[in-house]
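I have placed the structure first, in the form of structure tokens, so that the comments after it can refer back to it.
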Amino acid sequence: MGKTAQRVLGRRARHLRLRKKVVGLPARPRLAVFRSHQHLYAQLIDDMAGKTLHGWSTKDARLKALNRGSTVEAAKGLGALIAQDATKQGITRVAFDRGGYLFHGRVKALADAVRSGGLAV
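Residues 734 to 854 in the numbering used here are what the sequence shown spells out, letter by letter.
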């Protein structure tokens, strides 16, 4: 097995361990993050109902000014957008699911921007 495949399998195992602990409720949905090579994706998920409440990505038209999708600046913009849209829906608290990624770089920038936007993480 190659180095890349081992890295992907390790991330998936970490994510499964994390999913045992982080649960999205109607009052506190799970903010799940996926990091691709070029973009960031985030979803608010209610695990009890099994529904995705809202989804965002750095491909969003509202983030065209930060057209570099894989940068920390784009992650900060995405976090601000998430906080803005979630507060419009009446959501004030979220459970942060980092998806098995290290809490560093783009993932950390997204979480910090969500916090500074007014959501309790």
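Positions of the beta carbon are idealized from the N, C-alpha and C atoms, including for glycine.
Just so it is clear, the structure is predicted and the values come from calculations on it, not from any experiment.
Residue i: buried (16+ other C-beta within 10 angstroms of its C-beta) or exposed?
i, result
"V840", "buried"
"L758", "exposed"
"R763", "buried"
"R768", "buried"
"A738", "exposed"
Give the secondary structure of residue i by DSSP, where H, G and I count as helix, E and B as strand, and everything else as coil.
i, result
"A760", "coil"
"L811", "helix"
"S790", "strand"
"L835", "coil"
Check each candidate in the options and name the one with the smallest Cα separation from residue i.
i, options, result
"Q771", "G783, T820, V827, A808", "A808"
"T804", "T791, R747, R744, L835", "T791"
"Q817", "G838, R795, Y834", "R795"
"R752", "D830, K784, L777, G735", "D830"
"W789", "A782, V766, E806, M781", "V766"
"Y774", "G743, G783, H787", "H787"
"D793", "D845, I815, Q739", "I815"
"G851", "H837, T820, F836, L835", "T820"
Can you tell me where the beta strand (DSSP E) with residue i in it begins and where it stops?
i, result
"D780", "That residue, D780, is in no beta strand (DSSP E); it is neither H nor E in DSSP."
Ends of the alpha helix (DSSP H) at residue i?
i, result
"A828", "Segment 828-830 is the beta strand (DSSP E) holding A828; no alpha helix (DSSP H) there."
"A738", "736-752"
Can you give the beta carbon distance from residue i to residue j, rounded, assuming they're within the 8 Å contact cut?
i, j, result
"A842", "G812", "7 Å"
"L777", "V827", "7 Å"
"G833", "R744", "4 Å"
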